[in-house]
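So the structure is just underneath, and the comments pick up after that.
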Amino acid sequence: MRTESVLFGLSAVAVAVAASAWAAEPKFEVGTAPGQQTRGVRLGAPEMRLSLQDAITTALAHNINLEVSRLSLASAQQGLLGSTGIFDPQVQSALGATYYEAQSTNQLVGANVALQRGREFNLSLGGLIATGGSYSVGWTNSRSKTNSSFYFLNPSYSSGLTFSLTQPLLRGFGTDVTRAGIEVARRSRDISGVQFEEIVINTAQAVETAYWNLVYAIDNLKSKQHSLMLAQDLLDQTRTRVRIGTSAPIDIVQSEAAVAARELDIIVAENAVGNAGDALKGLLGFENPDDWTSTIIPTDALEGTTAHVDLDKSITEAIARRPELRQRQLELEIGEVNLLAARSAARPQLDLALNYGYAGVGGDSTVYDQQTGNVISFSRGGWADALRQLRDRDYNQWSAVINFSYPLGNHQAKATVAKDRFAVTTARQNIALQRQAVIADVRNAVRGLEASGKAIAAAVKSRELAERNLDAEQKKFANGMSTNFQVVKIQDDLAAAQAAELQSRVLYRQAEATYKVAVGVFLDSLGIAIKGAPEAKEPHTALKDVRWLKYGRTPKDGAGAPAL
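Heads up: the sequence shown is residues 58 to 621, going by the numbering used here.
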């Protein structure tokens, strides 16, 4: 009685736990962190005034590549959900009928022509439990009728209730082995999340680069227009001087050539503005051809303060925050889970199979006289008699079996273990290589940022000196102490200095973004957070951390990249 109670309890618990399978509709989105409010921007408006924050937020909301990545991430979440299907309870049923008729070959058949009809209805519920075993609860029912005179019950009804539990003791034992597919699917989902984050970063960085390129193109156009104005003023002054006789007529040709050159510069600059605007529109997700006629007006200026960064702290932060290192760590954890499962599969198969159940029979009972064959007694029965015996547990049956098997040589399993060990070693080397790449990225980014900051200071000084030089030369020209050629040359020098200053500021902005990406703080600096769906509930998690129910060690979630 104690045995049957234990088995019944185990089966009931297994069924109840398996029935609590989970499901959650994934939803992944990119949102802004608290305190960073952004204005909604309507795509395709005739004139779009955009700050850098507006541009990045709009791109993250409408960029097509990002939408594709969202779908991939949602698909990976469904893959995790599907991996938990190993714990889904399986319901099986069978309803059938049989008919048998044949010529009798001996007197023991009890009739000249053997005739038998049967019907059956079976129902079972089974599934997998956390430790790698399987359970099954079955209910069988059948009805059989024959024309043989040797059957005491005809028609006869039988019903049975069975409880089965099979538990691997070596190969396949352990909650970690059973959940290996789930752990791999979870880390694959996390890798998709990291890749999604990388796409968000790349998209935001591309938008920032395109935004500052547009700002540069617009400011450069303004600079070219200012150069044209200076050249036009010089042409007007030259015409006046020629008219009053203080300059030769040939000087007008030089001034007109300078004006024509400035007009050509403006044409080139206007084309650059259009190209830069279209590049930004493509990143913002413009789809309707009519929307591409919009004019984007950046509201953020290139001017800004330069910052000093600490190289050692930057490297330490990058090691902790770079998504590439997190992905490499997740790949290592997948390899370790696969190795654990492979080592378990290489062990001998030793299973304990326990079965317990009850049986009941019923039907019409006919007793014949063995001498004459006449009916002595008859009592009517049916399926209810069989069910009553089940209820009262009149007849029980049980079995306990240990099954063993092992392939001689076991070459396939051993080869799989060796391959998975190589994969784990490779994953560790990839982490080391990625760490080296991260350190190199940070060092390059810091040098680039510092060099860009110094370049701004030098470009500003060069532009200021060019302005002072042009002012002095114009005064000399007004007093007849300089020539058109000299003034035009110094105007060219000023235009080049202004362009160099604009370019240095753009390069600094881009170097600043590159540094933040290298350190892993780019999204934080923009106030952008990636919001994912809350972790869904999984079945059979109550026992997964019990050490003695594990085969080996499963990597912990969120272990992160190894420290330096």
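C-beta: ideal position from N, C-alpha, C; glycine also. Remember, predicted model here, so these are calculated numbers, not experimental data.
When you compare each of the options to residue i by their alpha carbons, which one comes out closest?
i       : options                            : result
Tyr-214 : Asp-247, Leu-447, Ser-539          : Leu-447
Thr-571 : Asn-501, Arg-127, Arg-296          : Asn-501
Thr-219 : Leu-359, Asn-198, Arg-174          : Asn-198
Gly-189 : Val-234, Ala-261, Lys-573, Gly-331 : Val-234
Ala-466 : Val-418, Gly-420, Arg-404          : According to the sequence displayed, residue 466 carries Gly and not Ala. Selected option, being the one with the closest Cα: Arg-404.
Asp-581 : Ala-261, Ile-513, Leu-368          : Ala-261
Arg-400 : Lys-607, Asn-536, Arg-298          : Lys-607
Arg-106 : Ala-318, Ile-324, Ser-351          : Ser-351
Val-251 : Glu-158, Arg-379, Glu-569          : Arg-379
Gln-326 : Gln-311, Ala-575, Ala-556          : The displayed chain sequence assigns Ala, not Gln, to residue 326. Residue Ala-556 is the option with its Cα nearest to Ala-326.
Leu-340 : Glu-381, Ile-258, Tyr-273          : Ile-258
Thr-141 : Ser-509, Ala-237, Ala-441          : Ala-237
Ala-554 : Ala-516, Phe-461, Asp-111, Ile-275 : Ala-516
Gly-510 : Gly-139, Gly-231, Thr-363          : Thr-363
Asn-460 : Asp-408, Val-503, Thr-473          : Asp-408
Leu-152 : Leu-123, Ile-186, Trp-196, Gly-183 : Trp-196
Glu-390 : Ser-462, Gly-302, Asp-247          : Asp-247
Ser-436 : Gly-183, Asn-179, Pro-212          : Pro-212
Looking at the strands, I want to know which residues DSSP matches up with residue i.
i       : result
Arg-174 : Tyr-156, Lys-202
Gly-217 : Thr-197, Ala-416
Glu-104 : Thr-352
Ser-150 : Leu-180
Tyr-464 : First, the residue type needs correcting, since residue 464 is Pro and not Tyr in the sequence shown. DSSP, once it has assigned bridges, lists no residue as partnering Pro-464.
Leu-222 : Tyr-192, Leu-411
Gln-406 : Ser-462
Ser-436 : Ser-422
Taking only three categories from DSSP, how would you classify residue i?
i       : result
Tyr-192 : strand
Glu-344 : coil
Phe-144 : helix
Tyr-208 : coil
Ser-456 : strand
Leu-185 : strand
Leu-411 : strand
Asp-276 : helix
Ser-304 : coil
Asp-233 : helix
Ser-539 : coil
Gly-609 : coil
Ala-421 : For the record, residue 421 in the displayed sequence is Asp; it is not Ala. Residue state, collapsed to three classes: strand.
Pro-83  : Reliability fails at Pro-83, whose pLDDT of 35 lies under 50, so the model's placement of it is uncertain and the value that follows must be treated cautiously. Pro-83 falls in the coil class under three-state DSSP.
Arg-604 : helix
Thr-115 : helix
Arg-298 : helix
Ala-358 : coil
Thr-571 : helix
Val-481 : helix
When you compare only the Cα positions, how much space is there between residue i and residue j?
i       : j       : result
Glu-521 : Glu-360 : 15 Å
Lys-518 : Ile-353 : 31 Å
Glu-240 : Val-603 : 16 Å
Gly-577 : Ser-280 : 36 Å
Tyr-268 : Asp-145 : 51 Å
Ala-314 : Glu-320 : 10 Å
Thr-266 : Ala-329 : 15 Å
Pro-306 : Ala-333 : 41 Å
Tyr-208 : Arg-243 : 60 Å
Gly-505 : Lys-370 : 17 Å
Gln-531 : Glu-374 : 53 Å
Leu-117 : Ala-514 : 34 Å
Arg-562 : Ile-256 : 26 Å
Thr-155 : Leu-172 : 11 Å
Gly-609 : Leu-397 : 7 Å
Ala-336 : Leu-130 : 27 Å
Ser-181 : Leu-210 : 27 Å
Ser-422 : Gln-469 : 58 Å
Asn-395 : Leu-271 : 49 Å
Tyr-192 : Gln-147 : 10 Å
Ile-309 : Val-299 : 8 Å
Ser-126 : Asn-120 : 10 Å
Ala-274 : Thr-483 : 47 Å
Tyr-157 : Gly-439 : 22 Å
Ala-81  : Gly-139 : Unreliable placement is indicated for Ala-81, whose pLDDT of 35 sits below 50; the coordinate value is still reported in the next sentence. Straight-line Cα distance between these residues: approximately 11 Å.
Leu-123 : Arg-566 : 24 Å
Arg-96  : Glu-104 : In this prediction, Arg-96 scores a pLDDT of 46, lower than 50, which makes its location untrustworthy; no coordinate-derived value is stated.
Give a yes or no on contact between the segment 224-232 and the segment 543-561, applying the rule of three or more CB pairs nearer than 8 Å. no
Taking three-plus beta-carbon pairs below 8 Å as touching, is the segment 278-287 in contact with the segment 125-138? no
Counting Cβ pairs, one atom from each stretch, are 3 or more of them under 8 Å apart for the segment 394-414 and the segment 449-461? yes
Measuring CB atoms only, is the segment 475-488 touching the segment 384-391, in the sense that at least three cross pairs come out at less than 8 Å? yes
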